[in-house]
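In this note's numbering, the protein residues as written are 4 to 211. Ideal Cβ placement from N, Cα and C applies to all residues, glycine included.
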Amino acid sequence: MTNFQNQLKTAETHLAKNDPIIGSLINKYGKCQLKPHENYYQELASGIIGQQLSVKVADVIWRRFLNIFNGLMPSPAQIIETDKEVLCTCGISYRKCSYLKDLAQKIDNKDIEIEKLITKPNDEIITDLCKVKGIGPWSVHMFLIFSLGRLNVLPYSDYGIRKSIMLLYKFESMPDKKLIEEIAKNKSWTSYESVAAWYLWKNLGNKS
């Protein structure tokens, strides 16, 4: 068992002990299947392309995007050098093409040192990545959870999280950031918010 898997097991035990609702989801769905993805640049680029799209549509467009570059992930320099009109042939909007180019430019000129992100605390990563056009706090929260494997991220703005909390904790309307933070504190999610979030998504049939 890897160190990360041990951390997940500790998180599951802690959450099950302190929050009966999350505990019931752990019993229902089994082990948390979070697994970090180490190609950070690719994850950020695919995240931009997949914004506001279904997983199925995003996957199709992502494959088309790679096909522009002979099926391989292009370097930042390649994206910078490729005309927006060519990038848009895969089905992404002109605006997303601009976002991809901005990401590539900031990585290429070292405004964002992609290989050093893993060494930084969450707040610094949010500040760094939100400098990229088209990347906001929600996108960075997803990156922290699914790419860096940070277990202490509370994605309070995510629609699925808000809806799942509303249904499971019997609220009449979608909870806001303040209420979600109160629940996380009162139910002792602290340090393991990402794992709680994974089970909340799983309850709606989302994420992987």
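Burial state of residue i, where buried means 16 or more other Cβ atoms lie within 10 Å
{"i": "R66", "result": "exposed"}
{"i": "F72", "result": "exposed"}
{"i": "N9", "result": "exposed"}
{"i": "F174", "result": "exposed"}
Assigned secondary structure, residue i (DSSP; H/G/I helix, E/B strand, else coil)
{"i": "W192", "result": "coil"}
{"i": "D161", "result": "coil"}
{"i": "P178", "result": "coil"}
{"i": "N30", "result": "helix"}
{"i": "T130", "result": "helix"}
{"i": "Y44", "result": "helix"}
{"i": "N206", "result": "helix"}
{"i": "P39", "result": "coil"}
{"i": "L154", "result": "coil"}
{"i": "G50", "result": "helix"}
{"i": "S167", "result": "helix"}
{"i": "V143", "result": "helix"}
{"i": "I138", "result": "coil"}
Residue i and residue j closer than 8 angstroms at C-beta
{"i": "S167", "j": "W141", "result": "no"}
{"i": "S191", "j": "D22", "result": "yes"}
{"i": "E15", "j": "I29", "result": "yes"}
{"i": "A187", "j": "I164", "result": "no"}
{"i": "G137", "j": "K99", "result": "yes"}
{"i": "K180", "j": "Y202", "result": "no"}
{"i": "K123", "j": "I115", "result": "no"}
Discussion item. Runs of 4 residues minimum, wholly inside the region 62-117: which ones carry the alpha helix (DSSP H) assignment?
Written reply: 79-84, 87-90 and 97-111
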